[in-house]
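Under the numbering used here, residue 316 is the last one in the sequence shown; the count climbs by one each step, no gaps. Every residue gets a Cβ at the ideal spot worked out from N, C-alpha and C, and that includes glycine. Let me begin by presenting the structure, written as C-alpha cells, before commenting on it.
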Amino acid sequence: MSDKKLIVGNWKMNLTVHEASLYVHTLEKELTTHRNVEVVLAPGMLALPTLALQIDHKKFKLAAQNFYWRDEGAFTGEVSAHQLHGLVKYALVGHSERRHVFHEGDKDIRAKMQAAVRNGITPILCVGETAHERSENETDAVLHDQLIGGLANLTSEEVEAIVIAYEPVWAIGTGNNAAPHDVEAAVASIRRQIEHLYGKKASDLRVIYGGSVSGASAGSYLRTPGVDGLLPGGASLKKEEFTEIIEAAHKAGKGKKA
Ligand code: 13P
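Right, dumping it as C-alpha cells:
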C-alpha cells in the first residue's frame with residue numbers, strides 16, 4: 059500500500075470542456091506538488107481526452123466517474139473501461155448517485171469492478187449508508203452488503219490494490235459532513251470486513267472519505283486513523299478550497315515516506 063495521501067476531486071456533471079481546461083490551467087499554476095500526496099481529477103467524460111493531453115502527469119492523475127462493464131459491442135451511448143484504458147488511472151464505481159439516481163445494483167457494480175481491474179484501471183468502490191439506515195444502526199450491515207456485492211468477482215490480491223471510498227449518502231452534497239469519529243468507526247468496520255473476507259493483507263488497502271469535505275474540515279479526516287485520503291465533490295471545483303485540501307493532505311502525511 060502506498061503511504062501517499064490520495065485526494066480525488068469528483069467534479070460530477072459540472073464544467074464544459076473549455077471550462078475544465080481553463081480550471082486545470084490555473085490549478086496547475088497554483089498547486090505545489092508534494093511527494094506525499096497523489097492528486098486525482100475526475101472530470102466529466104468529455105473533458106478526459108483534452109485534460110489527458112493538457113495536464114502535467116506528475117501533478118495530476120485522472121479518473122473516470124463512470125463506465126460500462128462490457129469492453130465493446132452494441133451498447134449505444136456507453137463508454138467502456140477498455141476505451142478508457144490509457145486515459146485514466148482510476149475510475150469511480152458504485153457512487154451513491156449511480157446507485158440512487160441510475161439504480162445501479164450490486165450486479166452492475168461487481169461487473170464494473172472486474173472490468174476496471176481487467177483493463178488496468180484502479181477502481182474506487184464507493185460505499186455508504188443512508189440517513190435512515192444510520193438511524194436504524196444498520197451502517198455495518200449496509201457496508202457489509204455493499205462490500206460483498208461489489209467485490210465478489212475479485213481475488214484477495216486484486217482487492218488489496220483497489221480503493222474504497224466511504225461516502226455516507228446523507229453527507230453527500232448536504233454540507234452535513236460526518237464526524238471524524240464516525241468516519242473512523244466506519245473505516246475500521248470496512249477494514250475488519252475486508253480482513254474477514256479477503257485476509258489481513260487485503261485489509262491494508264486504501265480507504266478514503268467523501269461527503270461535504272471542505273478545506274476547513276479536510277485536516278481532521280486526514281489525521282483520522284485508517285483514512286488514506288479524501289473524495290471531495292463541491293470543494294474540488296473551487297480552486298482555493300481544493301488547494302487547501304491538498305495542503306492539509308501534505309501536512310497530515312508528513313513524516314511518512316512518500
Ligand atoms: P460533496 O463533497 O459535494 O458532498 O460530494 C461528495 C461526493 O459525492 C464525491 O464523490
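On a Cα-Cα basis, can you pick out the residue from the options that is closest to residue i?
i	options	result
Lys258	Gly269, Val217 and Leu295	Val217
Leu201	Leu64, Asp164 and Ala307	Asp164
Lys63	Ser79, Ala276, Ala229 and Phe133	Ala276
Ala229	His83, Ser270 and Phe160	Ser270
Lys119	Tyr126, Leu80, Arg156 and Ile65	Ile65
Thr123	Pro181, Gly144 and Ser79	In the sequence as displayed, the identity of residue 123 is Gln instead of Thr. It is Pro181 whose Cα lies nearest to the Cα of Gln123.
His143	Phe133, Tyr126, Tyr81 and Ala244	Tyr126
Ala246	Ala306, Gly284, Lys117 and Ile167	Gly284
State buried or exposed for residue i, treating a residue as buried only when at least 16 other CB atoms are found within 10 Å of its CB.
i	result
Asp61	exposed
Val95	buried
Ile206	exposed
Asn234	exposed
Arg281	exposed
Gly131	exposed
His76	exposed
Arg93	exposed
Ala293	buried
Gly268	buried
Glu88	exposed
Val227	buried
Val171	Strictly speaking, residue 171 in this sequence is Met, with Val absent from that position. Buried: at least 16 other Cβ atoms inside 10 Å.
Pro290	buried
Gly67	buried
His83	exposed
His115	exposed
Arg157	buried
Going by DSSP, which residues form a beta bridge with residue i?
i	result
Thr180	Tyr148
Glu317	Residue 317 lies beyond the stretch modelled for the chain, which goes from 59 to 316, so this question has no answer here.
Tyr256	Partner(s): none; Tyr256 has no beta bridge.
His288	A quick correction: the sequence has Leu, not His, at residue 288. Partner(s): Ile65 and Tyr267.
Considering just the uninterrupted stretch of the alpha helix (DSSP H) at residue i, what are its terminal residues?
i	result
Val75	Val75 to Glu88
Tyr279	Gly273 to Leu280
Arg157	Ser154 to His158
Ala132	From DSSP, Ala132 is part of no alpha helix (DSSP H); its letter is neither H nor E.
Ile303	Lys297 to Ala310
Val217	Ser214 to Ala219
Val191	Note that residue 191 corresponds to Glu in the displayed sequence, not to Val. It spans Ala189 to Ser193 - the alpha helix (DSSP H) in which Glu191 sits, taken as one unbroken run.
What span of residues does the beta strand (DSSP E) with residue i cover, start to end?
i	result
Lys63	Lys63 to Asn68
Lys116	First-last for Lys116: undefined, no H or E at that position.
Val265	Arg264 to Tyr267
With respect to 6 Å, is the separation between the Cβ of residue i and the closest non-hydrogen atom of the ligand FAD below this value?
i	result
Gly291	Within the structure as shown, the ligand FAD is missing, the only ligands being the ligand 13P.
| task | Determine contact between the region 186–198 and the region 97–110, defined as no fewer than three beta-carbon pairs at a distance below 8 Å. | result | no
| message | Is it the case that the region 188–206 contacts the region 137–150, given that we only count it when at least three CB pairs across the two stretches are under 8 Å? | response | no
| said: For the pair the region 131–147 and the region 168–181, tell me if three or more CB-CB distances fall below 8 Å. | reply: yes
| Cβ pair count under 8 Å reaching 3, the region 249–268 against the region 206–215 | yes
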